[in-house]
Amino acid sequence: MALFGKKKEKDEGDGIELLSDEEYDAEAELQKQIVEETKYLERMAADETATKDEEKGINLDELLLKTEKIEGRLASFEEAKGRIDDRIMRVSEQVGEIRSMVLEREKSFGLLEADFEMIKDTFEDIKPSEFSKELNKKEQAIMGVSMRVEKMEAVLTRLSEQVTEFRKLLDTIKSFENLVEVSREVNEKIAGI
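Just so you know, we're using the working numbering here: the sequence shown kicks off at 78 and counts up by one.
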């Protein structure tokens, strides 16, 4: 409850208590009344020194009662002023935080934009048709090398087989007699052809 039994509205987003227009008007009216009553009391005090209380018809008890009412209203006003000052301070802090968040986001967006521009420039330099032509050329070159490797593997396989046969032949030729016999076998094979 706010001053004089009126309800405060709460902003659900950030917890700031806002005064409605009616509350604001009521507080302004209260402040105005306090100022008027203070002036009235000052006039009364000045008149009191000039004339007696009985002549003016003002009773000292009434004056004390009014003074206490004014003091109560002033205390309420000071309390409301303190709450308003606190709210203003919280709002100022929140505005500062929001401002720093916005600046951080702008900085991040600036960096993203620079990165995007760099990627865009790089991508514009790469022309898809030329890139695919180059890839096709490289693929053909790789296929040519692959075919040559396969041919060399076949040659190496044949050479390996021949070396194996040659080793077998050398193993059989360990002596001169074996050489004569191998020569005869070779001659027989040649004659058979």
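Note that CB positions come from ideal geometry on N, CA and C, so glycine has one too.
For clarity, every value in this text was computed on a predicted model and none was experimentally measured.
Relative to the Cα of G149, the nearest Cα in the group R164, E114 and R120 belongs to E114.
Here DSSP, grouped into helix, strand and coil, assigns N136 to coil. Here K143 really is in contact with L118; their C-beta atoms are around 7 Å apart, less than 8 Å. K109 and Q171 have their C-alpha atoms roughly 31 Å apart. At a Cβ-Cβ threshold of 8 Å, L137 and M121 do not count as neighbours. The alpha-carbon separation between K204 and G221 amounts to approximately 26 Å. Here E104 is buried. Its C-beta has 16 or more other C-beta atoms within 10 Å. In this structure, DSSP gives I203 a state outside helix and strand, which the three-state scheme calls coil.
The beta carbons of I111 and I147 sit closer together than 8 Å.
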